[in-house]
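Some notes on the structure that comes next.
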Amino acid sequence: MSENVLNSAQETTITTQKGRKKRQTTYDWDALRVEYIKGAYKNRYEFAKAKGIPQKTLYRNTKDWDKERKRLAERELEKIADEVGKEIKKGIIHYKDKLEAIIDRVTTHINENVLEFNTTGEAIRSLSVALEKLLEIEKLLNNRKDEDGLIVEIETVGVEDDNLETDSFVNEKDRDGLLDENETN
Numbered sequence: 036m037s038e039n040v041l042n043s044a045q046e047t048t049i050t051t052q053k054g055r056k057k058r059q060t061t062y063d064w065d066a067l068r069v070e071y072i073k074g075a076y077k078n079r080y081e082f083a084k085a086k087g088i089p090q091k092t093l094y095r096n097t098k099d100w101d102k103e104r105k106r107l108a109e110r111e112l113e114k115i116a117d118e119v120g121k122e123i124k125k126g127i128i129h130y131k132d133k134l135e136a137i138i139d140r141v142t143t144h145i146n147e148n149v150l151e152f153n154t155t156g157e158a159i160r161s162l163s164v165a166l167e168k169l170l171e172i173e174k175l176l177n178n179r180k181d182e183d184g185l186i187v188e189i190e191t192v193g194v195e196d197d198n199l200e201t202d203s204f205v206n207e208k209d210r211d212g213l214l215d216e217n218e219t220n
């Protein structure tokens with residue numbers, strides 16, 4: 036008998052009705068089932084070969100092991116998927132809170148600064164910058180998944196320390212030509 040199954044098998048000699056002696060091996064099927072389910076064996080044939088158990092004996096006593104192994108694997112995958120889902124949800128809530136804070140800062144900037152401009156052109160320029168920032172944030176909120184459906188890191192651009200970066204959005208003259216000809220940057 037193979038050394039692989041010595042722990043889970045017991046060999047006995049019995050006498051048949053005709054008086055012949057016959058060797059009979061009994062296995063601890065509960066221990067073998069646990070080992071198969073937890074092990075990295077491809078199938079029951081590979082397990083039988085590794086343990087030195089005759090295939091016919093193994094298949095007769097282990098017909099439901101594959102189903103049980105599959106069911107346990109599915110449970111583990113469900114647990115992992117639940118944990119990953121919770122982490123993704125936490126990440127989305129975190130980024131949503133971050134983006135809402137940025138929107139609040141931009142709207143506060145608009146409300147506070149619109150009344151303080153000396154010219155109409157400055158007010159229009161500031162509003163156009165703020166609206167573009169809000170549109171960027173809206174795009175980020177709507178497009179937060181990549182092609183694989185995974186959540187991507189949302190990068191906040193353009194708003195730092197409660198100051199708006201206006202250089203990249205506004206030319207020296209108003210975009211729509213709304214500035215008076217005498218007004219310049």
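Counting from 1, position 10 in the sequence shown corresponds to residue 45 in the numbering used here; the numbering is continuous, with no gaps.
For every residue, glycine included, the Cβ atom is placed at its ideal position computed from N, Cα and C.
Could you tell me which of the options sits nearest to residue i, measuring between CA atoms?
{"i": "Thr60", "options": "Arg110, Arg160, Leu93", "result": "Leu93"}
{"i": "Leu134", "options": "Glu111, Leu112, Glu171", "result": "Glu171"}
{"i": "Thr97", "options": "Gly54, Asp63, Ile159, Ala136", "result": "Asp63"}
{"i": "Lys105", "options": "Tyr76, Val141, Lys53, Glu167", "result": "Tyr76"}
{"i": "Leu175", "options": "Glu81, Lys131, Ala136, Ala66", "result": "Lys131"}
{"i": "Val141", "options": "Glu111, Glu173, Lys124", "result": "Glu173"}
Taking the alpha helix (DSSP H) that residue i falls in, what are its first and last residues?
{"i": "Lys84", "result": "79-86"}
{"i": "Asp65", "result": "64-73"}
{"i": "Tyr76", "result": "Counting along the chain, Tyr76 falls outside any alpha helix (DSSP H), and DSSP gives it neither H nor E."}
{"i": "Arg55", "result": "Run containing Arg55: none; DSSP gives neither H nor E here."}
{"i": "Lys91", "result": "90-96"}
CA-CA distance, residue i and residue j?
{"i": "Ile72", "j": "Ala108", "result": "9 angstroms"}
{"i": "Asp99", "j": "Glu122", "result": "35 angstroms"}
{"i": "Gly126", "j": "Ala165", "result": "26 angstroms"}
{"i": "Gly74", "j": "Glu118", "result": "24 angstroms"}
{"i": "Asp65", "j": "Arg55", "result": "31 angstroms"}
{"i": "Glu81", "j": "Lys124", "result": "41 angstroms"}
{"i": "Arg160", "j": "Ala136", "result": "22 angstroms"}
{"i": "Ile128", "j": "Ile115", "result": "20 angstroms"}
{"i": "Lys86", "j": "Gly120", "result": "40 angstroms"}
{"i": "Ala83", "j": "Lys53", "result": "31 angstroms"}
{"i": "Glu167", "j": "Glu103", "result": "57 angstroms"}
{"i": "Pro89", "j": "Leu112", "result": "32 angstroms"}
{"i": "Lys91", "j": "Arg110", "result": "30 angstroms"}
{"i": "Arg95", "j": "Glu70", "result": "17 angstroms"}
Is residue j closer than 8 angstroms to residue i when the C-beta atoms are compared?
{"i": "Ile138", "j": "Leu169", "result": "yes"}
{"i": "Asp101", "j": "Arg79", "result": "yes"}
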